[in-house]
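Engineer: Here it is: the structure, laid out below.
Number of protein chains: 2
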Amino acid sequence: MSLLAVGTVAFDSIETPRGKADRIVGGAATYITLAASYFTRPVHLVSVVGDDFPESELQHMQSKGIDLEGLQILEGERSFFWAGRYHDNMNARDTLETQLNVLADFDPVIPPSFRRPKFLMLGNLTPAVQQRVLDQLDERPRLVVLDTMNFWMNTAMDSLMEVIAQTDVLVINDEEARQLSGEHSLVKASEKILRMGPSTLVIKKGEHGALLFGSDSIFFAPALPLSEVFDPTGAGDTFAGGFVGYLAQTADLSFENMKRAVIYGSAMASFCVERFGIERLKNLTDIDIKKRVEAFVKLVNFDAQL
Amino acid sequence: MSLLAVGTVAFDSIETPRGKADRIVGGAATYITLAASYFTRPVHLVSVVGDDFPESELQHMQSKGIDLEGLQILEGERSFFWAGRYHDNMNARDTLETQLNVLADFDPVIPPSFRRPKFLMLGNLTPAVQQRVLDQLDERPRLVVLDTMNFWMNTAMDSLMEVIAQTDVLVINDEEARQLSGEHSLVKASEKILRMGPSTLVIKKGEHGALLFGSDSIFFAPALPLSEVFDPTGAGDTFAGGFVGYLAQTADLSFENMKRAVIYGSAMASFCVERFGIERLKNLTDIDIKKRVEAFVKLVNFDAQL
Numbered sequence: 001m002s003l004l005a006v007g008t009v010a011f012d013s014i015e016t017p018r019g020k021a022d023r024i025v026g027g028a029a030t031y032i033t034l035a036a037s038y039f040t041r042p043v044h045l046v047s048v049v050g051d052d053f054p055e056s057e058l059q060h061m062q063s064k065g066i067d068l069e070g071l072q073i074l075e076g077e078r079s080f081f082w083a084g085r086y087h088d089n090m091n092a093r094d095t096l097e098t099q100l101n102v103l104a105d106f107d108p109v110i111p112p113s114f115r116r117p118k119f120l121m122l123g124n125l126t127p128a129v130q131q132r133v134l135d136q137l138d139e140r141p142r143l144v145v146l147d148t149m150n151f152w153m154n155t156a157m158d159s160l161m162e163v164i165a166q167t168d169v170l171v172i173n174d175e176e177a178r179q180l181s182g183e184h185s186l187v188k189a190s191e192k193i194l195r196m197g198p199s200t201l202v203i204k205k206g207e208h209g210a211l212l213f214g215s216d217s218i219f220f221a222p223a224l225p226l227s228e229v230f231d232p233t234g235a236g237d238t239f240a241g242g243f244v245g246y247l248a249q250t251a252d253l254s255f256e257n258m259k260r261a262v263i264y265g266s267a268m269a270s271f272c273v274e275r276f277g278i279e280r281l282k283n284l285t286d287i288d289i290k291k292r293v294e295a296f297v298k299l300v301n302f303d304a305q306l
Numbered sequence: 001m002s003l004l005a006v007g008t009v010a011f012d013s014i015e016t017p018r019g020k021a022d023r024i025v026g027g028a029a030t031y032i033t034l035a036a037s038y039f040t041r042p043v044h045l046v047s048v049v050g051d052d053f054p055e056s057e058l059q060h061m062q063s064k065g066i067d068l069e070g071l072q073i074l075e076g077e078r079s080f081f082w083a084g085r086y087h088d089n090m091n092a093r094d095t096l097e098t099q100l101n102v103l104a105d106f107d108p109v110i111p112p113s114f115r116r117p118k119f120l121m122l123g124n125l126t127p128a129v130q131q132r133v134l135d136q137l138d139e140r141p142r143l144v145v146l147d148t149m150n151f152w153m154n155t156a157m158d159s160l161m162e163v164i165a166q167t168d169v170l171v172i173n174d175e176e177a178r179q180l181s182g183e184h185s186l187v188k189a190s191e192k193i194l195r196m197g198p199s200t201l202v203i204k205k206g207e208h209g210a211l212l213f214g215s216d217s218i219f220f221a222p223a224l225p226l227s228e229v230f231d232p233t234g235a236g237d238t239f240a241g242g243f244v245g246y247l248a249q250t251a252d253l254s255f256e257n258m259k260r261a262v263i264y265g266s267a268m269a270s271f272c273v274e275r276f277g278i279e280r281l282k283n284l285t286d287i288d289i290k291k292r293v294e295a296f297v298k299l300v301n302f303d304a305q306l
């Protein structure tokens, strides 16, 4: 089913204990659409870049079934740029530089042919921009999935709460869930957040996996234990892209299928961190993904013999 | 099958964000034997207390099938005492006071009837004391399970490595695994540690669950998401007690059964943190435990539909 994804397309400069990468392609919507493209096509992208964004990268996205009609390319302007350095344990990072560039005045324009998506993924952006997307749709999608971050809770809480109220699935990390709810216990946090609008909450815990909360059910998916994490950048967005892509492919919004979507999202994220940036996500096969999901089954499967 | 457990029996004073408890019963072997007693009896305890240790608590332990013949009660001396305060997030704690008391010169004496245990659980203690236990056994147990901590890696690494070399299952937390191996990745850490002697490694990650590593298999068990963690003290020991108790009950050392043992250990730990000290562990029923294990099945179970 049709999927519309909105978020940043950008350049990142990244330092991790494993190495350094300068001005590689990044951005939430890049990871989201790439991950989702393995499950459903076309993926409609709405975003903005400057004329410094390489044509070859855009062609690669198109080759993956990502429809770029909604990507604004602003002449004479520069793409969003972020530089960061990860700590030794990869669990924390420092932002070294942020250049908003084209993002400073980003006003998303949804092409007419994109205005009836069955699935909508709102990547992390100013809540007002996320709202602008919702406002341009001709009808409500079957499923609205939202990502956000602490920064918007600190600076734009009212408009964020309005967007959350229109969301079906909120996908945030554990610290964001704690800040949003004011509760340390993720169980209590989920109870509060599910009263804000979403019927489903996914809490990403990075290397510690992800929790899926429905109205009266909890599901836990681990992260795959890896010998080496190369670069965690984009793992959360890749998770979200795999999650919503799988749901769009299967068109089944039951809790049982949401569980599978969390596993597929986790599988895609486990690929993401194996190389810098989007490198590992560029050329996966269905067999690669199936094998990775099998690894998750093996990792958690047990016979309780009750 | 017969189980021998060695470790501290002590008093703890504990402050958590949920409240305060003064001089309550604690100690690694207390939690271990209590958790194990739900699976196998008798549990033979080897430890030491002073004459300040309440008779009523000893009677309670005996009522649970814990054999105290190996518990030294030293007249005119005081029991080991620890006081600590947990941080707001419960993931870290500060030690406020440690009084070794009877533990300073603890020389474990294994009663003759305990010297052929099929299962041995060596709780966290000076490696030299753990070695003294091994030296007094008439034959090698079928399974030796060892717990230790960073402190011994800093102060007694050589004797610790000797004990580890005689161990079948090492049960430590993530930070300890990283320090012992010098590897941040838990996958790499497990590879190194499994070359030190143990054939199986359990890495406890607190609220993030536990990993079980065999020679070529990995299993992950989550911690149960709880609305309220009252007091994390003893959760790791309770996990170890449930783990080894289940193995002693089932007498099956296959990886499949080790997986179940990790789940039972996690279930027991999830009870432990619901109240201060050993309170919640005192009067569980088989139904309570079965229901808790069912909650774990529900939490991680999914049909991948591959």
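Going line by line, the protein sequences match chains P and C.
Reminder that position 232 of the first sequence reads as 232 in this note's numbering, one-by-one numbering, no gaps.
Reminder that position 198 of the second sequence reads as 198 in this note's numbering, one-by-one numbering, no gaps.
For every residue, glycine included, the Cβ atom is placed at its ideal position computed from N, Cα and C.
#1: At a CB-CB cut-off below 7 angstroms, which residues of chain P make contact with residue 304/C?
#2: I'd like to know whether the C-beta atoms of residue 210/P and residue 266/P end up nearer to each other than 8 angstroms.
#3: Pair every Cβ in the stretch 235-242 of chain C with every Cβ in the stretch 198-212 of chain P, then say whether three or more of these pairs are closer than 8 angstroms.
#4: Would you say residue 274/P reaches chain C, if we count a Cβ-Cβ gap shorter than 8 angstroms as a contact?
#5: At what residue ranges does the stretch 194-228 of chain P contain a whole run of the beta strand (DSSP E), taking only runs of 3 or more?
#6: To the nearest angstrom, how far is it from the Cα of residue 75/C to the Cα of residue 292/C?
#7: From 151/P, 4/P, 273/P, pick the residue whose C-alpha is nearest to that of residue 227/P; which is it?
#8: Using a Cβ distance threshold of 8 angstroms, determine whether the stretch 36-49 of chain C contacts the stretch 65-73 of chain C, with at least three qualifying pairs required.
#9: Please confirm whether residue 77/P and residue 109/P have their CB atoms less than 8 angstroms apart.
#10: Spell out whether any CB of chain P is found under 8 angstroms from the CB atom of residue 188/C.
#11: Buried or exposed: which applies to residue 139/P, given that a residue is buried once 16 or more other Cβ atoms fall within 10 Å of its Cβ?
#12: When you compare only the Cα positions, how much space is there between residue 7/P and residue 264/C?
#13: Compute the distance between the beta-carbons of residue 203/C and residue 172/C, then report whether it is under 8 angstroms.
#14: Please confirm whether residue 290/C has its beta-carbon closer than 8 angstroms to some beta-carbon of chain P.
#15: For the beta strand (DSSP E) containing residue 44/P, name the first residue and the last one.
#16: Identify every residue that forms a DSSP beta bridge with residue 15/C.
#17: In three-state DSSP terms, what is residue 99/C?
#18: Closest Cβ-Cβ distance between residue 226/P and chain C: below 8 angstroms?
#19: Below 8 angstroms, can you find three or more Cβ-Cβ pairs linking the stretch 32-42 of chain C to the stretch 240-253 of chain C?
#20: Please say whether residue 168/P and residue 335/P have beta carbons closer to each other than 8 angstroms?
#21: Suppose you measure from the CA of residue 186/P to the CA of residue 166/P; what does that come to, to the nearest Å?
#22: On the premise that residue 153/P lies in contact with residue 160/P, defined as a C-beta separation below 8 angstroms, what is that separation, rounded to the nearest angstrom?
#23: By DSSP's criteria, residue 80/C is part of a beta bridge. Which residues make up the other side?
#24: At the level of alpha carbons, what is the spacing between residue 232/C and residue 81/P?
#25: Indicate whether at least one CB of chain C lies closer than 8 angstroms to the CB of residue 185/P.
#26: Classify residue 130/C as buried or exposed, calling it buried when 16 or more other Cβ atoms lie within 10 Å of its own Cβ.
#27: Once you ignore the five residues that flank residue 296/P on each side, which residues in its own chain have a CB closer than 8 angstroms to its CB?
#28: For residue 115/C, count the other beta carbons within 10 Å of its own beta carbon; 16 or more makes it buried, fewer makes it exposed. Which is it?
#29: Please confirm if residue 287/C has its CB atom under 8 angstroms from at least one CB of chain P.
#30: Determine the burial state of residue 55/P: buried for a count of at least 16 other Cβ atoms within 10 Å of its Cβ, exposed for fewer.
#31: Take residue 28/C as the anchor and find which of 214/C, 124/C, 63/C has the nearest alpha-carbon.
#32: When you compare only the Cα positions, how much space is there between residue 117/C and residue 136/C?
#33: Taking the beta carbon of residue 119/P as the centre, do at least 16 other beta carbons fall within 10 Å, making it buried, or is it exposed?
#34: So, is the C-beta of residue 220/P closer than 8 angstroms to a C-beta in chain C?
#35: Measure the Cβ-Cβ separation of residue 284/C and residue 271/C and say whether it is below 8 angstroms.
#36: Is the shortest distance between the beta-carbon of residue 89/C and the beta-carbons of chain P less than 8 angstroms?
Structural biologist: The structure says:
#1: Here the neighbours are 260, 263, 293, 297.
#2: Going by C-beta atoms, residue 210/P is nearer than 8 angstroms to residue 266/P.
#3: At 8 angstroms Cβ cutoff, the stretches do not touch.
#4: Cβ-Cβ to chain C under 8 angstroms: no for residue 274/P.
#5: Runs of beta strand (DSSP E) with 3 or more residues, each lying fully within the stretch 194-228 of chain P, are found at 200-204, 210-213, 218-221, listed in chain order.
#6: Distance between the alpha carbons of residue 75/C and residue 292/C is about 41 angstroms.
#7: The residue with the shortest Cα to Cα distance from residue 227/P is 273/P.
#8: Segments in contact, yes.
#9: At a Cβ-Cβ threshold of 8 angstroms, residue 77/P and residue 109/P do not count as neighbours.
#10: Interface flag for residue 188/C against chain P is set, since a Cβ pair is found closer than 8 angstroms.
#11: With fewer than 16 other Cβ atoms within 10 Å, it is exposed.
#12: Per the coordinates, the alpha-carbon of residue 7/P lies some 43 angstroms from the alpha-carbon of residue 264/C.
#13: It is a contact, given that the beta carbons lie within the stated cut-off.
#14: Output row for residue 290/C: interface = yes.
#15: Where residue 44/P is concerned, the enclosing beta strand (DSSP E) stretches over 43-50.
#16: Assignment of beta-bridge partners to residue 15/C by DSSP yields 20/C, 85/C.
#17: Residue 99/C falls in the strand class under three-state DSSP.
#18: At least one chain C Cβ lies under 8 angstroms of residue 226/P.
#19: By the Cβ test, the stretch 32-42 of chain C is in contact with the stretch 240-253 of chain C, since at least three Cβ pairs between them sit closer than 8 angstroms.
#20: The requested residue 335/P is not part of the displayed model; chain P covers only 1 to 306.
#21: Computed Cα separation, rounded: 22 angstroms.
#22: Their Cβ separation, rounded to whole angstroms, is 6 angstroms, which keeps residue 160/P and residue 153/P in contact under 8 angstroms.
#23: In the DSSP assignment, the residues bridged to residue 80/C are 10/C.
#24: Separation of residue 232/C and residue 81/P (C-alpha to C-alpha, rounded to the nearest whole angstrom) is 43 angstroms.
#25: With 8 angstroms as the cut-off, residue 185/P counts as an interface residue toward chain C.
#26: Residue 130/C comes out buried.
#27: Counting only Cβ-Cβ distances below 8 angstroms, and skipping sequence neighbours, we find 221, 222, 224, 263, 266, 267.
#28: Within a 10 Å sphere around the beta-carbon of residue 115/C sit fewer than 16 other beta-carbons, which makes this residue exposed.
#29: No - not a single Cβ of chain P is within 8 angstroms of the one on residue 287/C.
#30: Counting Cβ neighbours within 10 Å, residue 55/P comes out exposed, since fewer than 16 surround it.
#31: Ranking 214/C, 124/C, 63/C by Cα distance to residue 28/C puts 124/C first.
#32: If I take the Cα positions, the gap works out to 11 angstroms.
#33: Burial call: buried.
#34: Chain C, which has a Cβ nearer than 8 angstroms to the Cβ of residue 220/P, makes this yes.
#35: The answer is yes: Cβ separation under 8 angstroms.
#36: A Cβ of chain P is located within less than 8 angstroms of the beta carbon of residue 89/C.
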